[in-house]
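Following: one structure in structure tokens, then a few remarks.
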Amino acid sequence: MVAKESTMRYNVFYITSFAAILLLFYWVPSGYVEALTAEISSWTLAVLGHAASWEQLGGQTTLTLIGQHAVTVSIIRECTALNVFGVMAGLILPLRASWVKRLTGIAISGVLLFSLNIPRIALTVYLTAYDTWPFTLMAARSLETYHYPISFAFGVLGVALTVLAVSRWTTPELGDTLLGFVNGVVRLVRKGA
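In the numbering used here, each residue's number is its place in the sequence shown (first place is 1) plus 1.
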């Protein structure tokens with residue numbers, strides 16, 4: 002993949018559009034997506050033979066798993082991958098590509114991010130409910146023992162895989178644009194050194 006040279010005008014447009022789209026995603030109500038995330042996570046755990054359930058009461062969505070310990074977690078906006086989907090939409094929509102390519106890239110991003118998010122949530126809840134080795138070697142364990150490292154790993158790998166998949170399958174302009182930004186930053190750093 003060869004990165005195209007970007008003009009300063011396009012870079013400003015791209016960054017401004019990205020920020021505006023990301024901001025719009027923070028305003029999108031997330032209750033329905035929280036419920037869908039909890040329901041599919043619960044269903045996934047149940048299919049794997051675990052006693053899982055979910056509910057949504059008073060605007061709060063929870064997922065419960067009964068293992069060695071009963072674990073109930075709140076499924077909030079940040080648990081849904083909606084914000085990360087906003088990042089991908091912000092990266093894809095302002096591209097110099099046809100609308101078909103951009104909309105297909107956004108659709109694939111949504112499916113991939115949501116699909117990767119469900120095992121992230123299920124694994125975090127499972128590890129918390131079933132005190133599993135090697136984590137049993139740690140003296141103090143809680144949901145956060147599992148949540149942060151799993152979310153970080155899934156987040157970094159998930160976004161990287163999503164960007165690569167969209168760049169490869171539908172919208173090569175995404176990879177070209179991102180590589181163009183990296184090349185531009187490298188040139189600026191070299192000039193300053």
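In this text, a Cβ means the ideal position worked out from N, Cα and C, and glycines have one as well.
Just so it is clear, the structure is predicted and the values come from calculations on it, not from any experiment.
Checklist line | Residue(s) in a DSSP beta bridge with Glu56 | finding: Thr63
Checklist line | Where His148 falls, given that 16 or more other Cβ within 10 Å makes a residue buried | finding: buried
Next item on the list: Let me know if Arg10 comes out buried or exposed under the rule of 16 or more other beta-carbons within 10 Å of its beta-carbon.
Entry: exposed
Notebook entry, point to check: Between the C-alpha atoms of Leu23 and Val160, what's the straight-line distance to the nearest angstrom?
Noted result: 15 Å
Check: Which value, in whole angstroms, describes the spacing of the CA atoms of Asn84 and Leu175?
Finding: 19 Å
Notebook entry, point to check: If you draw a straight line from the alpha carbon of Phe26 to that of Val187, how long is it in whole angstroms?
Noted result: 30 Å
Notebook entry, point to check: Who are the Cβ neighbours of Ile119 in its own chain at under 8 Å, not counting the five residues just before and after it?
Noted result: Thr38, Ile41, Ser42 and Thr45
Check: Is Thr65 near Ala82, with beta carbons less than 8 Å apart?
Finding: no
Check: Does DSSP classify Val88 as helix, strand or coil?
Finding: helix
Check: What residue range is occupied by the uninterrupted beta strand (DSSP E) comprising Val29?
Finding: It is not in any beta strand (DSSP E) - Val29 carries neither H nor E in the DSSP assignment.
Checklist line | Contact belief for Pro95 with Ser31 at Cβ below 8 Å, rounded distance in angstroms | finding: With 8 Å as the limit, Pro95 and Ser31 do not qualify as a contact, their Cβ atoms being about 23 Å apart.
Item checked: CB-CB length for Thr171 against Ile109, believed under 8 Å -> 6 Å
Checklist line | Reduced DSSP category for Ile22 - H, G, I as helix; E, B as strand; rest coil | finding: helix
Check: Can you list, in chain order, the residues of its chain whose CB lies under 7 Å from that of Leu117, leaving out five sequence neighbours each side?
Finding: Phe155 and Gly159
Next item on the list: Would you mind working out which of Ala123, Leu162, Thr163 and Asp177 sits nearest Arg151, comparing C-alpha positions?
Entry: Correcting the residue identity first, residue 151 is Ile in this sequence and not Arg. Among Ala123, Leu162, Thr163 and Asp177, the Cα nearest to that of Ile151 belongs to Ala123.
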